[in-house]
Amino acid sequence: MTNPRPLSDVRVLDFSTTIAGPHCARLLADMGADVIKIESPEGDLMRSRPVQRDGQGTMFGQLNAGKRSIVLDLKKPEAIAVVKKLVARVDIVLENYRPGVMKRLGLDYAELAKINPRIIYGAISGYGQTGPAAGRPAYAPVIHASTGYDRAHLFYQQGRERPDNCGIFVADYASGAYALGGILAALHQRGVTGKGQMVDVSMFETLVGMLLGEVNRAQFDFEMPSRPMYGPVEAKDGYVMIATASEKTFQDMATAAGRRDWLTDPRFEKYHDRRMNWDQFVDEFEKWSRTLTVKECVMALEKHGVPCSPYLTVTEALKDAQVAHRGSLCEIEDGAGKYLSPAPPFRFSGSALQSGPKVSRLGEHTESVLKDAGLSADEIKALMK
Numbered sequence: 000m001t002n003p004r005p006l007s008d009v010r011v012l013d014f015s016t017t018i019a020g021p022h023c024a025r026l027l028a029d030m031g032a033d034v035i036k037i038e039s040p041e042g043d044l045m046r047s048r049p050v051q052r053d054g055q056g057t058m059f060g061q062l063n064a065g066k067r068s069i070v071l072d073l074k075k076p077e078a079i080a081v082v083k084k085l086v087a088r089v090d091i092v093l094e095n096y097r098p099g100v101m102k103r104l105g106l107d108y109a110e111l112a113k114i115n116p117r118i119i120y121g122a123i124s125g126y127g128q129t130g131p132a133a134g135r136p137a138y139a140p141v142i143h144a145s146t147g148y149d150r151a152h153l154f155y156q157q158g159r160e161r162p163d164n165c166g167i168f169v170a171d172y173a174s175g176a177y178a179l180g181g182i183l184a185a186l187h188q189r190g191v192t193g194k195g196q197m198v199d200v201s202m203f204e205t206l207v208g209m210l211l212g213e214v215n216r217a218q219f220d221f222e223m224p225s226r227p228m229y230g231p232v233e234a235k236d237g238y239v240m241i242a243t244a245s246e247k248t249f250q251d252m253a254t255a256a257g258r259r260d261w262l263t264d265p266r267f268e269k270y271h272d273r274r275m276n277w278d279q280f281v282d283e284f285e286k287w288s289r290t291l292t293v294k295e296c297v298m299a300l301e302k303h304g305v306p307c308s309p310y311l312t313v314t315e316a317l318k319d320a321q322v323a324h325r326g327s328l329c330e331i332e333d334g335a336g337k338y339l340s341p342a343p344p345f346r347f348s349g350s351a352l353q354s355g356p357k358v359s360r361l362g363e364h365t366e367s368v369l370k371d372a373g374l375s376a377d378e379i380k381a382l383m384k
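First residue of the sequence shown: 0, per numbering that gives the first Met the number 0; consecutive thereafter.
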C-alpha cells in the first residue's frame, strides 16, 4: 500500500506571487502540504497573464494548482491580525517580496517567530535579505543580466553582439527549486532541534551558482574558444545537438561518421587541442552530417552511443513517448476546464505525488480558512468588505 504523500501533515502560508515563490509552493502542495495562498483583493498578477481561457490564466494554474486561496488586504490592521492567527497554526511561511516589505507589515521572520518559534520562514528575493543590493527591484530577466548569465550565453553565439531577449525565466524556476531544498532541510532540522529558522534565498546567487565554467574562468587566465563542444551540427533538413562530454563520445562520433582518422589528427587527438580547434572539427563533421537527414544522423549517432537529439519544438517534445510513460504531464482544472501541466520531475518509490487537481478561484477558501482560525461570521464579513 502506498504511504501518504510526504508532506501530508505540513501546512504552508504562501504570500508569494508571480513565479519563483509560487513554483516552490506548488511543489510543496504536490507533495501533500496544505498550502494556503494569501492574495490581495486584485489577485496574483499571474491570474491575468496569458494563456487566458474564459478569464482563467493557465500559467497561474500551473504555478498554483492544489493550493487554497484566501483574500486579505494586508494594508488593513485587521488583516495583519488574522495573518498572525494563521501563523500560529502553520509550519512554513513563504514570501518573495522585496526585502523590507514584510517587516513594514509586521510580518517578518523576527515577528512571526515570536508567535510560532517552530516556523520555517522561506524568503526569496533578487539579491538576498542583506547587503548593498538587497533593496534593488529584480525580476528574472534583470537577474540574468546582472549575474553575467546573458553575456555568458552570448559568448557562445558567434558573430552576435546584442544580448538575447529573455522569455524563459530560468532564475525564477531555479530559485524556487533551491528554496524548496532549503525549506525542507530546515523542516528536517526542526524535527531535531524543535526550532524553526529563516531560509534566505537569493536569485542572484542561484544563477551565479549555475555558471559553472564561467565562474572558474573568471578567476583564472584560461583561454577558451567561443564555439563550445556542445552545440548544433547541420544536417540536410535541420540541426542535431551533440554533446561531446568524454573521450569515448569523441571516439564514437568518429566511428559513426566513418572518420577514425580524427583520432590521430593532431588538431583533434588530445582534448585541449580538440577544444581549441573545435570550429575546425565541426566543419569536418558537417561534411558527413550534411549528407544525412536529421533523423538519419540521430540514428547513426545513437547506434554508436553518442548523446544527441534533434531540435524539437515544445509541442513535439510533449508528444514524446517518454512523457506518457513517466506521467510527466498531469491534468489540472480551473474554471474554464481541464488542461495539462508539468508534474514534479521526481518520484517517490513509497509515497504518492498528486498535482492539483483543482486551481482555486480568487478567495475561494477565505471564509472556510478564517472560520477554522476562530473568526466569527461577523469578523469574516467585515474583512471581506
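Note that beta-carbon positions come from the ideal geometry of N, C-alpha and C, so glycine has one too. Here the structure is a predicted model, which means the values were calculated and not measured.
Distance between aspartate 264 and cysteine 307, taken at the CA atoms: about 23 Å. Pairwise C-beta distances place the segment 111 to 125 in contact with the segment 77 to 91, as three or more of them are shorter than 8 Å.
Around the beta carbon of valine 297, 16 or more other beta carbons sit within 10 angstroms, so the residue counts as buried.
No residue range can be given for methionine 383, since it is assigned to no beta strand (DSSP E) and is classified by DSSP as neither H nor E. Under the DSSP assignment, cysteine 165 falls outside any beta strand (DSSP E); it carries neither an H nor an E label. Taking the CA atoms as reference points, glutamate 363 sits about 7 Å from arginine 67. Collapsing the DSSP output to three states places aspartate 377 in a helix. In the structure shown, asparagine 2 falls within a strand segment according to DSSP collapsed to helix, strand and coil. By a beta-carbon distance limit of 8 Å, methionine 228 contacts arginine 274. Their separation comes to about 6 Å.
Aspartate 33: member of the beta strand (DSSP E) spanning 33 to 38, first to last residue. Residues Thr205 of the same chain have their beta carbon placed closer than 6 Å to that of alanine 173, with the five preceding and five following residues left out of the count.
Distances from the CA of serine 354 to each of Pro344, Ser348, Val198 and Leu311 were compared; the closest alpha carbon is that of Pro344. The C-beta distance from arginine 25 to glycine 65 rounds to 7 Å, short enough to fall under 8 Å.
Annotation for glutamine 61: the continuous alpha helix (DSSP H) segment containing it runs 57 to 63. Per the coordinates, the alpha-carbon of glycine 121 lies some 9 Å from the alpha-carbon of glycine 20. Straight through space, the alpha carbons of isoleucine 142 and cysteine 165 are spaced by roughly 11 Å.
The C-alpha of tyrosine 270 lies about 12 Å from the C-alpha of threonine 248.
By the Cβ neighbour-count rule, asparagine 215 is exposed, with fewer than 16 other Cβ atoms within 10 Å of its own.
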